[in-house]
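Chains as they are written, first to last, in numbering that gives the first Met the number 0: chain S, 0 to 291; chain D, 0 to 292; chain W, 0 to 445. Heads up, the beta-carbon is just placed ideally off N, CA and C, and yes, glycines get one too. Heads up: the structure comes next, in structure tokens.
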Amino acid sequence: MIRTKNPLLPYFFVAPLVLLLLFVFGYPLVQIFDFSFRRIRGIDGPWVGLENYQLILNQPLFHEAVQHNVQLLIAVPIILILSLIIAVILYDRVPGWRIYRTIVFIPYILAVPIVAVVLKKFFQYDGPFNEALRVVGLDLFALDWMGSPDLALWTVLSVIIWREIVFCIVLMLARLLSLDEEMLEAAQLDGAGWWQRLWFIILPQMAGVIEFYFVVSFITMIAAVFSYIFMIGKGGPGTSTMVLELYIFNFLTRSSLPGVASAVSVMLFLVTTVLILILFWVRRGEREQELA
Amino acid sequence: MNANIRDADYSESDSIPAERRRLTPGMVARQAVLLFGVFLALAPAGYMLLTAFKTKEEYLFDKIGLPDALVLTNFSEALVQNPFLLWMRNSAILAIGAVLLSTVIAALAAFAIARMQFRGRDLLLSISTSLMVIPPVVMIVPLFVLYTRLHLMSTFHGTIIIYAGLITPFSVYLLVSFFRTLPTEILEAALIDGASPLGVLWRVVIPLSGPPLVTLFVVNALYVWNDLLIALIFLQSDDSRTLMAGLSVFQGRYNNQIPLTMAGMVMASLPMLILYILFQRYFIRGLTAGALK
Amino acid sequence: MKHSRRLSRRDFLKTSAALGAGLTLSQSLPALARTRRQDDELVMWWWGEQELPGLQAWVDDTVAAYTGAKVSAMLQNTDVVISQFQTAAAANEAPDVQFLWNGIYHMESVWFGYLAPLNGLVDQAVLDRSGATRLSFYQGDQYRIGWYPLPMIWEYNKDVFDAAGLDADNPPKTWDALLDACDKIKTSGVDPIGGGVQDGFWGEWYLGHALAQSLDSPSEALDLFIGDLDFREPKYHEFWVRLEELKTSGFLNDSMSSLELYPGIDLVVTGQLGMSESIGTRVPADNDTLNGRVGVMTMPVFGTGALAGKPILDSQGLGISSQTEQKEQAAAFLEFMHAPEQLAKFWELTHWMPADSTWDSSVIDAPIVQQLWDGWVTSADSIPYIPNLMPAQFWTDAMFVASQEIIAGTMTGEAAGDLAARVVQEWRDFNPDLVENYQKWADDLR
Chain S
0 MIRTKNPLLP
10 YFFVAPLVLL
20 LLFVFGYPLV
30 QIFDFSFRRI
40 RGIDGPWVGL
50 ENYQLILNQP
60 LFHEAVQHNV
70 QLLIAVPIIL
80 ILSLIIAVIL
90 YDRVPGWRIY
100 RTIVFIPYIL
110 AVPIVAVVLK
120 KFFQYDGPFN
130 EALRVVGLDL
140 FALDWMGSPD
150 LALWTVLSVI
160 IWREIVFCIV
170 LMLARLLSLD
180 EEMLEAAQLD
190 GAGWWQRLWF
200 IILPQMAGVI
210 EFYFVVSFIT
220 MIAAVFSYIF
230 MIGKGGPGTS
240 TMVLELYIFN
250 FLTRSSLPGV
260 ASAVSVMLFL
270 VTTVLILILF
280 WVRRGEREQE
290 LA
Chain D
0 MNANIRDADY
10 SESDSIPAER
20 RRLTPGMVAR
30 QAVLLFGVFL
40 ALAPAGYMLL
50 TAFKTKEEYL
60 FDKIGLPDAL
70 VLTNFSEALV
80 QNPFLLWMRN
90 SAILAIGAVL
100 LSTVIAALAA
110 FAIARMQFRG
120 RDLLLSISTS
130 LMVIPPVVMI
140 VPLFVLYTRL
150 HLMSTFHGTI
160 IIYAGLITPF
170 SVYLLVSFFR
180 TLPTEILEAA
190 LIDGASPLGV
200 LWRVVIPLSG
210 PPLVTLFVVN
220 ALYVWNDLLI
230 ALIFLQSDDS
240 RTLMAGLSVF
250 QGRYNNQIPL
260 TMAGMVMASL
270 PMLILYILFQ
280 RYFIRGLTAG
290 ALK
Chain W
0 MKHSRRLSRR
10 DFLKTSAALG
20 AGLTLSQSLP
30 ALARTRRQDD
40 ELVMWWWGEQ
50 ELPGLQAWVD
60 DTVAAYTGAK
70 VSAMLQNTDV
80 VISQFQTAAA
90 ANEAPDVQFL
100 WNGIYHMESV
110 WFGYLAPLNG
120 LVDQAVLDRS
130 GATRLSFYQG
140 DQYRIGWYPL
150 PMIWEYNKDV
160 FDAAGLDADN
170 PPKTWDALLD
180 ACDKIKTSGV
190 DPIGGGVQDG
200 FWGEWYLGHA
210 LAQSLDSPSE
220 ALDLFIGDLD
230 FREPKYHEFW
240 VRLEELKTSG
250 FLNDSMSSLE
260 LYPGIDLVVT
270 GQLGMSESIG
280 TRVPADNDTL
290 NGRVGVMTMP
300 VFGTGALAGK
310 PILDSQGLGI
320 SSQTEQKEQA
330 AAFLEFMHAP
340 EQLAKFWELT
350 HWMPADSTWD
360 SSVIDAPIVQ
370 QLWDGWVTSA
380 DSIPYIPNLM
390 PAQFWTDAMF
400 VASQEIIAGT
410 MTGEAAGDLA
420 ARVVQEWRDF
430 NPDLVENYQK
440 WADDLR
């Protein structure tokens, strides 16, 4: 530790950080509560109590948005399982694994709006995907991937998986590469098979990183899919891809009701806060276990 | 944590044990899975690239085949009719500005948090770290109203502050973890030589922090470059539009000209693809840095 | 230690100076910061290049040619045209001249007090000939001057009509004739009718064409929002039932749900589709592509309202902020836009007509464009575009949604009526402060 004669010195060092965080996080997080109780027109408006909350909670569209965000959560276990499989295969250093890793990373290099625009055209009813299906005689599966309200959310989900899986693969692979190889080799010498090594030695050590990914991607699916949704269908067809972020965006820009948008923001904030607290709680539990 | 990352790099040995070279059924299955993965990963990009060279008429009849000839008019038309270079410049200004601002602020704070005693230190770090997971959409409404009042809408400095704020918790988290791993003796030696704490940070700590700083640059710049939500709301004027917001305008304008759209998408992907090819290891390392403890 | 503290403070200053320099630099680089208002400068925020390529060139030309004041013009992003102006106005930072969509899209700003009445500011003769339509008036005052007209039409491919054995110069006028025509076109192997509804706007246009047929006056549409009338009455959702009929008869193109509005209309031009909803600004180019084989029509009639079968005319326009101290200068600039030379330039640069009845229309080079000028733009029969009476929330939550669901086959016309009634109720609940203004506006339009 650096000892300073001036006890205020550390505060000089952290002051810019505190100011920045207060401005970008502190002020808005306080202000959304105030706004959420007002009918804001432009920049101010009268106090209306809980009215905004009541209206939102009674609106079927809000419920649909929440439901869709929850449905997107299905992506999390799918991504995790697929990533683990691919990462473990790569970890086995199959010939060419470095090239595979380089290529597999490419979806992540393409920005979401680019991915969204390309795949939106790709999955059009008369688009290349269906054309390919028809060429090989699978006409039956040439569905209206983007245009059907029953399918659109699942198509969006596939697009999200396609891109977000990359982060998970690379994450799992990096964790694998940092595992203790001697332990694995010892197990191998003891006659443990591939599956046994995976199940009893590798996976238990991955618990921390899996848990981390779970929380991060949980929040992604709840509150960070705007770019996909906005670029692909802006919530449509019908209301089939409406999500909370777009709901907020529409109330802010289309309906010019920042108060209502704030009320949704408050709810979203509270949900993520609860999630973070759970994560901290779980981590502390683990740490105590480790110490015990 | 960073020790792990470095280990990870060292352990990427190229030597493949002989037993893994043999063509066993397991090996064939693994290769098949990987090849299929590669196909899935490349198919959309391939479609984008091939389509960009087709004419509108050609695309009408052939959506999956190779282009007849390498037609470059889509690229020139997209480039002439749309300010791609301006959009890219704007995105670059925001990314670089936000990363610099964030890194300076985070380095100062992380140094104090990692290496000094003061009241509220742990609380500050906990709060800052938790902010990493607050979704940006939550902060937008009040900032939108505030920025209108302060005349900060459609200004780069205003938006840089927002982006810097959003990425700084991660910067602080990463730098604190790294600064804590530095040997105390080096710092103390510098202090005894008469350097000030800021001097130590600038002349001793920062020069040792190459890897985490590169990581921060990659992760944070990628975040700002790729963002759409903040860019749509806070940069509404023509001359301040970013690449991502520009693409949303672009796709609406040419939604009936798919090859032209794809040419635009190819050009928009190029900067990051080039950076990726040049600095691949930093991308992969950077993206996993926050997760491994 | 004293020494080092002084040093550290100097280091601090150096760091912050570098930071500050960086920020100042980014501010002072040309074109980086937002255009700042100068004392005698007029600021105009506009939109339209998105739908009418060439408009930017005309704006640039007009700004350069105008000697009365320095004007700085900024093209707005489609998604924020309204909220950007309203928020700026609330912060007392509104531009002097603002682009305004018709009807409710500027009426809200009128009600909030953000717009100045133009009568008395702009020469009355110019206002009268600018074709701003009835929807630009509130309580006797006019808030919008017309800029360019938007005839809302149906567009069809004459070659497709010929191939199906239809009279290409006499498109169907009644619903039965439409169904008959669709049948024949379908038999000839082409999708009869449709377009693209993926982005929702096709559904908005459809309501504009079809709901109007059941109305006797535009005010009736407002009554649906203030609660005097109800979308659940069969008369007011019949138009969605008719859309359902087109769907279940198999007359709509299969790709309709996954195509956007304009690519959908393109199918008419490529001969893959018989007819679609369209907009006048597209016609000159489409007509050139098809060598004059494009036809325009009003929607065939099923309804019995007084507005059925009438040509629909919308227009884009501009207004003046109530906050600017340069109202006269702004008005003079708007008048300059309607000077004969600028009107002539408008056609030259956009190949579309300006909204001004004194414009020299002899430059029109195609009969079909002449047909639009005579039959829509200057016609005494023209009726307003009904969606412009409806709030944005109703567009995204009802118009877009109902049409997309009906066309995808997941909703009936009747259920669409229920949905619309519910969305109207939600709008009233969210905007109780606006309902009274709607009431007054409805009285104006009666």
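Compare the C-alpha of residue i against each of the options and name the closest.
{"i": "Y235/W", "options": "A72/W, G412/W, Q322/W, A162/W", "result": "G412/W"}
{"i": "T276/D", "options": "I102/S, Q30/S, I1/S, G44/S", "result": "Just to set this straight, residue 276/D is Ile in the shown sequence, not Thr. Closest option to I276/D, Cα to Cα, is I102/S."}
{"i": "L99/W", "options": "Q75/W, A90/W, N118/W", "result": "Q75/W"}
{"i": "G258/S", "options": "V17/S, G48/S, L20/S, F11/S", "result": "G48/S"}
{"i": "V265/S", "options": "P236/S, L16/S, A222/S, R282/S", "result": "A222/S"}
{"i": "F61/S", "options": "I168/S, V214/S, T240/S, Q30/S", "result": "T240/S"}
{"i": "S321/W", "options": "D60/W, S218/W, A93/W", "result": "A93/W"}
{"i": "D247/W", "options": "D355/W, T66/W, P52/W, C181/W", "result": "First, the amino acid is wrong: residue 247/W is Thr here, not Asp. The shortest C-alpha separation from T247/W is found at C181/W."}
{"i": "F34/S", "options": "M138/D, A68/D, S90/D, T72/D", "result": "M138/D"}
For residue i, which beta-bridge partners are listed by DSSP?
{"i": "D158/W", "result": "D158/W pairs with nothing; no bridge assigned."}
{"i": "L251/W", "result": "I192/W"}
{"i": "L99/W", "result": "G316/W"}
{"i": "I385/W", "result": "Looking at the DSSP assignment, I385/W forms no beta bridge with any residue, so it has no partner."}
{"i": "E40/W", "result": "K69/W"}
Helix, strand or coil: which one does DSSP assign to residue i?
{"i": "F32/S", "result": "helix"}
{"i": "Q70/S", "result": "helix"}
{"i": "K246/W", "result": "helix"}
{"i": "M352/W", "result": "coil"}
{"i": "E276/W", "result": "strand"}
{"i": "S255/S", "result": "coil"}
{"i": "R72/W", "result": "It is Ala, not Arg, that sits at residue 72/W in the sequence shown. In the structure shown, A72/W sits in a strand (DSSP, three-state: E or B)."}
{"i": "Y212/S", "result": "helix"}
{"i": "T154/D", "result": "coil"}
{"i": "L138/D", "result": "It is Met, not Leu, that sits at residue 138/D in the sequence shown. M138/D: helix per DSSP, three-state reduction."}
{"i": "G48/S", "result": "coil"}
{"i": "M296/W", "result": "strand"}
{"i": "A148/W", "result": "Contrary to the premise, residue 148/W reads as Pro rather than Ala in this sequence. DSSP places P148/W in strand when its eight states are reduced to three."}
{"i": "R33/W", "result": "For R33/W, the predicted model reports a pLDDT of 39, less than 50, meaning its position is unreliable and no value from the coordinates is stated."}
By how many angstroms is the C-alpha of residue j removed from the C-alpha of residue i?
{"i": "G112/W", "j": "W57/W", "result": "30 Å"}
{"i": "Y99/S", "j": "M205/S", "result": "22 Å"}
{"i": "K326/W", "j": "D95/W", "result": "7 Å"}
{"i": "D380/W", "j": "Y147/W", "result": "18 Å"}
{"i": "K484/W", "j": "T86/W", "result": "Residue numbering for chain W in the displayed model covers 0 to 445; residue 484/W lies beyond these limits and cannot be assessed."}
{"i": "L274/D", "j": "V400/W", "result": "42 Å"}
{"i": "L251/S", "j": "W426/W", "result": "15 Å"}
{"i": "I231/S", "j": "Y155/W", "result": "29 Å"}
{"i": "V268/W", "j": "E56/D", "result": "13 Å"}
{"i": "L54/S", "j": "D428/W", "result": "7 Å"}
{"i": "V317/D", "j": "V165/S", "result": "Outside the shown range of chain D, which is 0 to 292, sits residue 317/D, and nothing can be said about it."}
{"i": "L83/S", "j": "R174/S", "result": "11 Å"}
{"i": "D179/S", "j": "V32/D", "result": "26 Å"}
{"i": "A185/S", "j": "G192/S", "result": "12 Å"}
Determine the contact status of residue i and residue j, defining contact as a CB-CB distance below 9 Å.
{"i": "L54/W", "j": "E48/W", "result": "yes"}
{"i": "V116/S", "j": "M264/D", "result": "yes"}
{"i": "Q403/W", "j": "G202/W", "result": "yes"}
{"i": "L174/D", "j": "S208/D", "result": "yes"}
{"i": "A211/W", "j": "I385/W", "result": "yes"}
{"i": "I311/W", "j": "I382/W", "result": "yes"}
{"i": "V196/W", "j": "A163/W", "result": "no"}
{"i": "P170/W", "j": "M336/W", "result": "no"}
Return yes when the C-beta of residue i is under 8 Å from any heavy atom of the ligand MG, and no when it is not.
{"i": "T377/W", "result": "The ligand MG is not part of the structure shown, which contains no ligands of any sort."}
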